[in-house]
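As structure tokens, the structure follows; a few thoughts come after it.
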Amino acid sequence: MDSPHSDTTGSVLSSPSVSSSGVFSQKRADIHNNETTTRHVKRPSAVTFRDPESCDMVQGESNSNYSETQSMHAAEQSIERNGKKGSCYRCLEGNQFTEKEICIVCNAKYCCKCVLRAMGSMPEGRKCVTCIGKKINESRRASLGKCSRLLKQLLNELEVKQAMSSEKTCKANQLPPQLVLINGEPLNQYKLHVLQTCQNPPKKLKPGRYWYDKVSGFWGKEGDGPCLIITAQLNVGGRIKAKASNGNAKVLVNDREITRKELWMLQFAGVNCEGKPSFWLSADGSYQEEGQKNEKGPIWKKTRIKLFCALLSLPVPPNVANPAGEDVSQRTLEQQVLLKLLLVGYQKSGTSTIYKQAKILYNVPFSEDERQNIKLKIQCNLYGYLAILLEGRERFEEEVLLENRKLQFADGPGSSGGASQIDGKTKYSLSPRLKAFSEWLVQVMVSGNLEVIFPAATREYAPFIQKLWNDAAFQATYNRRHELQMLPRIATYFLERAVEISRTDYEPSDMDILYAEGTQSSNGLSSMEFSFPTRERESFIDGYQHDPLARYQLIRLHPSSLGASCKWVGMFEDINMVLFCVSLTDYDEFWLDSNGVLINKMVASKQLFETIVSHPTLEQKDFLLILNKADLLLEKMEEVPLTRCEWFHDFNPVISHHNNNLTASVAQRAFHYIAVKFKRYAREILKWDHNENSFINNEFSTTTVTEASTTS
Amino acid sequence: MPVAELKERHAAAIEAVNDLRERLKQRRQQLLDTDVAGYARSQGRSQVTFGPTDLVCCRTLQGHTGKVYSLDWTPERDRIVSASQDGRLIVWNAQTSQKTHAIKLPCAWVMTCAFSPTGQSVACGGLDSMCSIFNLNSATDRDGNLPVSVTLNGHKGYVSCCQYVPDEDIHIITSSGDQTCVLWDITTGLRTTVFGGEFQSGHTADVLSVSINGANSRVFVSGSCDGTARLWDTRVASRAMRTFQGHEGDVNTVKFFPDGNRFGTGSDDGTCRLFDIRNGHQLQVYYQQHSDKEVPLVTSIAFSISGRLLFAGYSNGDCYVWDTLLARVVLNLGSVQNSHENRISCLGLSADGSSLCTGSWDTNLKIWAFGGHRKVI
């Protein structure tokens, strides 16, 4: 809206002088066109053997651009028919009145007996087998996807539907974008898409030359008045010409000389059109006279104006519920799309916890089967923890006995303190019945048969658990549980409620499920669909606007099914984002790979990262790196330096000594260091020219970590 | 230090095995004075020739909305089951190109499917690490889905291939990403035998394909990401009967030769090879030189009924018909009119050998038939 001032004055000055001759030449071209077409209609069909009603073919000798575009596909349309007029093209039988189906490319007509033979399985709709892959006859575009009665009789409903949908959607039948010229500029595929998917697209778009007023959205055939108002401000076509609509009212609206009818409409709407002014008309109908500042009210204000427009067969703006056009159109597109997120990571990187969290967060219920399995797993784990404790108890008991014996030797025999210890009793000793149970449990665990005895064990041994838990010796061991290396951190959470969990009627809560170990190990892949619940939306502090209509699918792949060569990746080409999960505590842990070589788990994680990031199928995909278990990293850093992993050999943070929270800041730095390390590595292997491909989201990772880490 | 010593001895043993393997390879090379093509040429055998209409696409099976990953014919010749990434199995009537069943799968990431010998049920497997079996005669549930009749649970990695043991509906052999093959008893749903795995001498990487010997159903062959094919006897689980080296990439597909004494392989290195199971020799390499550097992978192979032709699908959408005797490409189904637009992922020959079905990532299946007067070879 800023540039026109200089050149519109020019166009205003020049328009009167040009107009007369311009109009004249334009008209002559029109007449010429009409002549050729009318002449052609009269032409006898004997020359081309084509049906009289399909004679929209324009002769090549006419020099206008329009006819050239027409003749491009006209060339492919000729097909010879040997039979008499009106007969079937294949069996040469029948007459004009027998029902026939027409090939949308070559206009060949086939009777009901021959249709299926001539058209085969119709991979591109109603086309002869020889025409498959060719562009359709533009005059038949309107009938795309509209099936005749003949076809419905021959095929069943599903087949008809399939043929019609492929007719509409297959590539060869789409409107060729270069044949649509807007303001003298041919479209390309992208611009055609923009045009067809805007809120008010031009209806029944055919190849040809059009003018489009970007400011107000007026749309028409070149040389004709406006016939539609489409969405304004689309970036298609070139600059509009003053003569686009062949108007002669000497009034310019948005650089276009309007037609007489439009002038009447403007006058009716109360616009002062004295003295051949130039106007700027915007999409909502408000207008400004050129060089003036004051904007005048929408011309569509009066209801009668629309009636008047209808009388003059001028377009009126479509009824729009939501005036913010672009947003709406984008949303409707997204609505149908399922956004797929692929969650992968190395062993024990916490992908299953993230998956379970997502399930709980987005209210996707666990199925009855899943709950039952998780319950069994939790109970099984509990017995495992108990066995570890009982094993520890034996050790503690021996230690105490040994100590006592030493004390006795030191004090000399017969001292007063020895009364209770002489019979071998310590505070870690169990009653004989419990002892038998404990020995059995430890034995089962050591032999690795814990899974086998379930679920029978829950019924039989639940009372034992209660007695065991209340036993003083067991409690004494429990208080020293931190000395037991085997016991996972999360065991405390379950052991505190051992009695409740060991009951047969125990139902795991969401928290229990989240904390449970190894619940997902049985199947190689799990997937869930979710959408952001509206309730959650308000409480989100990060300010993200989640589209409540968007559906997401989270697919978690179990590390064991990843395999060495990632043969499965080809199946995930339609993924929208890959979430790669890394456990930060992996840096000092080692793993035996398939060749029996000890490998650092962080390095293994890095190798997996490389194979996935550089896989051709996942090219151009978004990656989200999740660094998990950040709080555990903090604890671990105190004991083991980060440089334990050879990949992190150059981690050398500058430690400021006046900082109270020393380790925390180091851990924070280590976190960033690892993030940058991965990012740089990705850049190395991909040779990125743009960084946006992958981004590292610290916020997200730390928030998940706070909950996830404790389960590790 | 016993651990250090053990490690040392282990390394030495590995060294020795590799050395022996290398010597074996050299010795084989010495013994192998000719290959099939060389011998056939010296005998003056002439190449099979194909006219443009001898093998034509006569049906296009449309209906999948995702990439087709696998297909299988029934022995009684006119039905096909296909598995696609849209999460469906479709059972087709190849004569009429109608769909008789469309089975929605609980897990959409399916990699393989198979028809049972009696044609009563179909099996499929994929990334869910399970092999699911559907009885085609069972009633559909409320939503119109066919229920799973048996799930074979036990693999620790994806199920890459499955094939029913011929002549019985109760045994199936699967291959998996957990480096093993498993023979299942479908009636009980339990593993009968596990081939390979942790403590046995089996494949050292994901197993991608199995093929059961048509002449002796106790013998099957498997192809793996470790670049080898292995021959197994179903009665001997502990170790493979023979290991076939030679490929320089993952062996994507294996298929027994109709006479049961040879088998063919297709690999990521772009070659197909023919091996003899009796002497362990590689008989022939089928490789077409390409001008550009990208070597298309072999995704799937099938032999014609006589074994004279080898059909091989490639990742670039080509489908070569090889003359197995002279190792020449007779026809490329990827270059004829209305061929597939994307990678050919699977192919299979009908039981009577009269038609070939190809499945592709362009979501379609095509049936090619020997046209006109040409007799089936």
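Heads up: the protein sequence lines correspond to chains A and B, in order. Each residue of the first sequence is one higher than the last, beginning at 1 in UniProt numbering. Each residue of the second sequence is one higher than the last, beginning at 1 in UniProt numbering. We put the CB at the ideal spot given by N, CA and C, even for glycine.
Taking the straight line between their C-alpha atoms, what separation do you get for residue i and residue j?
i: residue 228 of chain B; j: residue 208 of chain B; result: 11 angstroms
i: residue 105 of chain B; j: residue 618 of chain A; result: 25 angstroms
i: residue 574 of chain A; j: residue 447 of chain A; result: 45 angstroms
i: residue 52 of chain A; j: residue 363 of chain B; result: Note on residue 52 of chain A: pLDDT 42, under 50, position unreliable in the model; the coordinate value appears next. About 40 angstroms.
i: residue 50 of chain A; j: residue 90 of chain A; result: Confidence at residue 50 of chain A is low in this model, with a pLDDT of 41, below 50, so its placement is unreliable and no value can be given for it.
i: residue 145 of chain A; j: residue 95 of chain B; result: 27 angstroms
i: residue 243 of chain A; j: residue 262 of chain A; result: 14 angstroms
i: residue 114 of chain A; j: residue 130 of chain A; result: 14 angstroms
i: residue 148 of chain A; j: residue 240 of chain A; result: 41 angstroms
i: residue 140 of chain A; j: residue 253 of chain A; result: 36 angstroms
i: residue 277 of chain A; j: residue 183 of chain A; result: 23 angstroms
i: residue 466 of chain A; j: residue 499 of chain A; result: 5 angstroms
i: residue 567 of chain A; j: residue 601 of chain A; result: 22 angstroms
i: residue 301 of chain B; j: residue 200 of chain A; result: 51 angstroms
i: residue 352 of chain A; j: residue 34 of chain B; result: 55 angstroms
i: residue 37 of chain B; j: residue 44 of chain B; result: 11 angstroms
i: residue 64 of chain B; j: residue 88 of chain B; result: 8 angstroms
i: residue 615 of chain A; j: residue 248 of chain B; result: 20 angstroms
i: residue 496 of chain A; j: residue 673 of chain A; result: 38 angstroms
i: residue 491 of chain A; j: residue 685 of chain A; result: 41 angstroms
i: residue 48 of chain B; j: residue 305 of chain B; result: 15 angstroms
i: residue 254 of chain B; j: residue 386 of chain A; result: 50 angstroms
i: residue 156 of chain B; j: residue 235 of chain A; result: 54 angstroms
i: residue 224 of chain B; j: residue 555 of chain A; result: 26 angstroms
i: residue 643 of chain A; j: residue 637 of chain A; result: 10 angstroms
i: residue 445 of chain A; j: residue 275 of chain B; result: 48 angstroms
i: residue 188 of chain A; j: residue 128 of chain A; result: 28 angstroms
i: residue 15 of chain B; j: residue 405 of chain A; result: 54 angstroms
i: residue 285 of chain B; j: residue 331 of chain B; result: 17 angstroms
i: residue 370 of chain B; j: residue 125 of chain A; result: 26 angstroms
i: residue 460 of chain A; j: residue 479 of chain A; result: 27 angstroms
For residue i and residue j, which I take to be in contact (beta-carbon distance under 8 angstroms), what is that distance rounded to the nearest angstrom?
i: residue 324 of chain B; j: residue 123 of chain A; result: That belief does not hold up - the Cβ atoms of residue 324 of chain B and residue 123 of chain A are roughly 32 angstroms apart, past 8 angstroms.
i: residue 234 of chain B; j: residue 193 of chain B; result: 6 angstroms
i: residue 283 of chain A; j: residue 220 of chain A; result: About 16 angstroms separates the two Cβ atoms, so there is no contact after all.
i: residue 298 of chain B; j: residue 270 of chain B; result: 7 angstroms
i: residue 531 of chain A; j: residue 551 of chain A; result: 5 angstroms
i: residue 57 of chain B; j: residue 82 of chain B; result: Incorrect: roughly 16 angstroms between the Cβ atoms, too far for contact.
i: residue 129 of chain B; j: residue 524 of chain A; result: 4 angstroms
So with CB distances below 9 angstroms, who are the chain A contacts of residue i?
i: residue 113 of chain B; result: Correct list: empty, because the minimum Cβ distance to chain A is about 15 angstroms.
Strictly below 7 angstroms CB to CB, what residues from chain B border residue i?
i: residue 132 of chain A; result: 338
Mind listing the chain B neighbours of residue i? Cutoff is C-beta to C-beta under 8 angstroms, in chain order.
i: residue 641 of chain A; result: Near residue 641 of chain A there are no residues of chain B at all, since even the closest Cβ is about 26 angstroms away, more than 8 angstroms.
Which residues in chain A sit within 7 angstroms of residue i, going by Cβ to Cβ distance?
i: residue 107 of chain B; result: 525
List the residues of chain A whose Cβ lies closer than 8 angstroms to the Cβ of residue i, in chain order.
i: residue 97 of chain B; result: 121
i: residue 85 of chain B; result: 571
Legend entry - Positions along the stretch 566-577 of chain A whose CB lies within less than 7 angstroms of some CB in chain B: Going along the stretch 566-577 of chain A in chain order, one finds 567, 568 and 571 with a Cβ nearer than 7 angstroms to chain B.
Legend entry - Near-chain A residues of the stretch 122-134 of chain B (beta-carbon distance less than 7 angstroms), N- to C-terminal order: Identification of residues in the stretch 122-134 of chain B having a C-beta nearer than 7 angstroms to some C-beta of chain A yields 127, 128 and 129, given in sequence order.
Legend entry - Whole alpha helix (DSSP H) elements within the UniProt repeat "WD" (61-102) of chain B, 4-residue minimum: The qualifying runs do not exist here; there are none.
Inset, instruction - Output, in sequence order along the chain, the residues in the stretch 40-70 of chain B whose CB is closer than 7 angstroms to any CB in chain A. - result: Answer set for the stretch 40-70 of chain B: 59, 60 and 62.
Inset, instruction - Could you list the residues in the stretch 205-237 of chain B with a C-beta less than 8 angstroms from some C-beta on chain A, going in chain order? - result: Residues of the stretch 205-237 of chain B with a C-beta less than 8 angstroms from any C-beta of chain A: 205, 206, 208 and 225, listed in chain order.
Inset, instruction - Return the chain-ordered ranges of every alpha helix (DSSP H) run that is complete within the stretch 32-58 of chain B and spans a minimum of 4 residues. - result: Taking only runs of at least 4 residues, the alpha helix (DSSP H) segments lying wholly in the stretch 32-58 of chain B are 36-42.
Inset, instruction - Taking a Cβ distance cut-off of 8 angstroms, strictly less, list which residues of the stretch 159-190 of chain A are near chain B, in chain order. - result: If the cut-off is 8 angstroms between Cβ atoms, the stretch 159-190 of chain A has 162 and 166 near chain B.
Legend entry - Residues of the stretch 115-126 of chain A with Cβ closer than 7 angstroms to any Cβ of chain B, in chain order: Residues of the stretch 115-126 of chain A whose Cβ lies closer than 7 angstroms to any Cβ of chain B, in chain order: 121 and 123.
Inset, instruction - Mind listing, in chain order, the continuous beta strand (DSSP E) runs of no fewer than 3 residues lying wholly within the stretch 263-317 of chain A? - result: The DSSP assignment places 278-281 and 287-289 as complete runs of the beta strand (DSSP E) inside the stretch 263-317 of chain A, in order along the chain (cut-off: 3 residues).
Inset, instruction - At 4 residues or longer, and completely inside the UniProt repeat "WD" (244-285) of chain B: list those alpha helix (DSSP H) runs for me, N to C. - result: Entirely contained in the UniProt repeat "WD" (244-285) of chain B, not one alpha helix (DSSP H) run reaches 4 residues.
Inset, instruction - Ignoring anything shorter than 3 residues or poking outside the stretch 594-625 of chain A, list the beta strand (DSSP E) runs there in chain order. - result: List check, beta strand (DSSP E) in window: 598-600.
Legend entry - Whole runs of the beta strand (DSSP E) within the stretch 170-239 of chain B, excluding any shorter than 3 residues: Correct list: 171-176, 181-185, 190-195, 207-212, 219-224 and 229-233.
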